[in-house]
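Heads up: the sequence shown begins at 1304 in the numbering used here, then just goes up one per residue. Here a beta-carbon is modelled for each residue, glycine too, at the ideal position from N, C-alpha and C. Step one of this worksheet: look at the structure below.
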Amino acid sequence: MNETARLFLAILARPLSAIAGLTAKNSSLKAPLIMFLLYSALHALILPWLSPAFIPEAPAAAFGNPFYYYFWGAPLNLFTGAMLAAILPSAASLFSSGRITARVLLAALISIIVFTAASASGKTAAASWLLPAAFIASAAACAARRLDESRAIFAVILSSSAVSLAMLPAEILSIYLDSKILFEIFYALEAIWILWLLVKALGVTEHLSAPRTAAAVLFTAVLCGALIFGLARLLPDYIAAILLVC
């Protein structure tokens, strides 16, 4: 636990130094994984008190459930983090050369296609069913090609739970005050903070400029968002709800 505590403090106070250690070859995943599980457990203790008004797009099944229900969010978030880590180094390759404007437009087109497939219904519903399998297969291929880089990014993703742990008191306060505005502000700050960590981590592993690195991170986050959206449409409400609130 001492190693986990040191990692927690390093992510908050010395993030660049922490990222350098996490992205080093053969760095351990033990402390990052413990941090992730600790956050998942504490977050699951808070979520039973979350107001439905805070996340109106989530189904009613998402609210008022016991701890163990929300703790199922841990393996689902682990899966999402693995997908993000698998794709991010390859996404960085997309932005590594050429005019960044053209690359951003290409990424936007790909994102539109993926979201269209995720939301397909009626005669094109097969696309929504094929998307998760295609996404996972693509992520596996990307990870196999850039395994060391994907592992390093995965360590940073797990360690970013330190940010979420640090923001838990703010989340508790917003729930206690029943303030959706505060909840959204704190959630946005947390998301920006974590995205910044990923940009810095990708900069270390890929040696790209900040704009190109940021574009790669945002593109990959959008793709993973499409995956979550697609899965939430396909899975039963009580499972999809976990994806949306955890």
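Are there 16 or more other CB atoms within 10 angstroms of the CB of residue i, so buried, or fewer, so exposed?
i: E1487; result: exposed
i: R1454; result: buried
i: I1322; result: buried
i: A1491; result: exposed
i: I1415; result: exposed
i: H1510; result: exposed
i: R1317; result: exposed
i: N1380; result: buried
i: S1320; result: exposed
i: I1460; result: buried
i: I1495; result: exposed
i: M1338; result: buried
i: K1426; result: exposed
i: A1465; result: buried
i: R1309; result: exposed
i: M1304; result: exposed
i: P1378; result: exposed
i: P1335; result: buried
i: S1463; result: buried
i: A1440; result: exposed
i: L1350; result: buried
Following the continuous alpha helix (DSSP H) through residue i, name the residue where it begins and the one where it ends.
i: P1472; result: S1464 to Y1479
i: H1346; result: K1333 to I1349
i: L1434; result: A1428 to R1448
i: L1353; result: From DSSP, L1353 is part of no alpha helix (DSSP H); its letter is neither H nor E.
i: T1508; result: K1483 to E1509
i: A1524; result: A1513 to L1537
i: F1370; result: F1370 to F1374
i: P1318; result: P1318 to L1325
i: F1551; result: The question about residue 1551 has no answer, for the chain in this structure spans 1304 to 1549.
i: A1544; result: D1540 to V1548
Would you say the beta carbon of residue i comes nearer than 7 Å to a heavy atom of the ligand GTP?
i: V1507; result: Among the ligands in the structure shown, none appear at all, so the ligand GTP cannot be discussed.
Take every Cβ of the region 1391–1404, pair it with every Cβ of the region 1444–1451, and state whether three or more of those distances are shorter than 8 Å. yes
Would you say the region 1404–1413 touches the region 1364–1378, given that touching needs at least three Cβ pairs under 8 Å? Pairwise C-beta distances place the region 1404–1413 out of contact with the region 1364–1378, as fewer than three of them are shorter than 8 Å.
Whether or not the region 1349–1363 and the region 1533–1549 are in contact is what I'm after, with contact meaning three or more pairs of Cβ atoms, one per stretch, closer than 8 Å; do they touch? yes
Quick one: any contact between the region 1414–1434 and the region 1475–1482, if contact means 3 or more CB pairs under 8 Å? no
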